[in-house]
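Residue numbers (full-length UniProt numbering): 1 to 180. We put the CB at the ideal spot given by N, CA and C, even for glycine.
Okay, here's the thing in structure tokens:
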């Protein structure tokens with residue numbers, strides 16, 4: 001529930017972030033009943049198939065389509081979605097994603113992360129609380145964003161900019177696992 005996180009202190013949210021990192025680094029976690037949930041396969045897939053798109057790449061829709069299709073599963077989403085539907089909902093990104101999974105009958109949905117251009121996960125390690133921080137605290141997203149091959153060309157590039165204007169670069173990370 002989004003309201004429960006709002007009432008948490010910055011220190012409490014930072015401890016949740018630390019717990020999330022421990023679980024994604026281990027590649028698994030246990031449910032309250034003791035069942036072990038494996039995260040390793042999806043984490044590896046996400047890291048191996050995350051793609052940086054530069055401004056030039058974004059002009060080449062063929063490249064974008066090929067990369068997305070190559071990392072897609074057998075889900076019918078890429079084959080049948082010919083149009084987009086826009087809705088405004090009063091809920092968190094995670095709640096909206098969960099609702100879309102239920103409503104569409106698909107096990108995967110895409111989420112646009114309004115990300116920090118200079119810090120992977122935004123300030124989630126320090127307990128900040130915005131959209132990207134919520135996603136990073138709840139999922140395997142942070143490991144995908146912090147790998148060296150993407151870090152330098154995305155975060156490093158934006159950090160080197162001196163005009164205060166960020167780039168139009170973006171990172172596509174497939175199969176980010178939400179587990180909290």
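For residue 51, the residue or residues it bridges with in DSSP: 172
Local Cβ density within 10 Å of residue 152, reported as buried at 16 or more and exposed below that: exposed
CB of residue 120 within 8 Å of CB of residue 146, strictly: yes
Buried/exposed call for residue 88, threshold 16 Cβ in 10 Å: exposed
Collapsed DSSP secondary structure at residue 134 in the structure displayed: helix
Beta-carbon contacts of residue 159 that lie in its chain and below 6 Å, excluding the five residues immediately before and after: 118
Proximity to residue 115 [Cα-Cα], best of 100, 17, 167, 12: 167
Assigned secondary structure, residue 46 (DSSP; H/G/I helix, E/B strand, else coil): Correct three-state label for residue 46: helix.
DSSP-derived helix/strand/coil call for residue 24: helix
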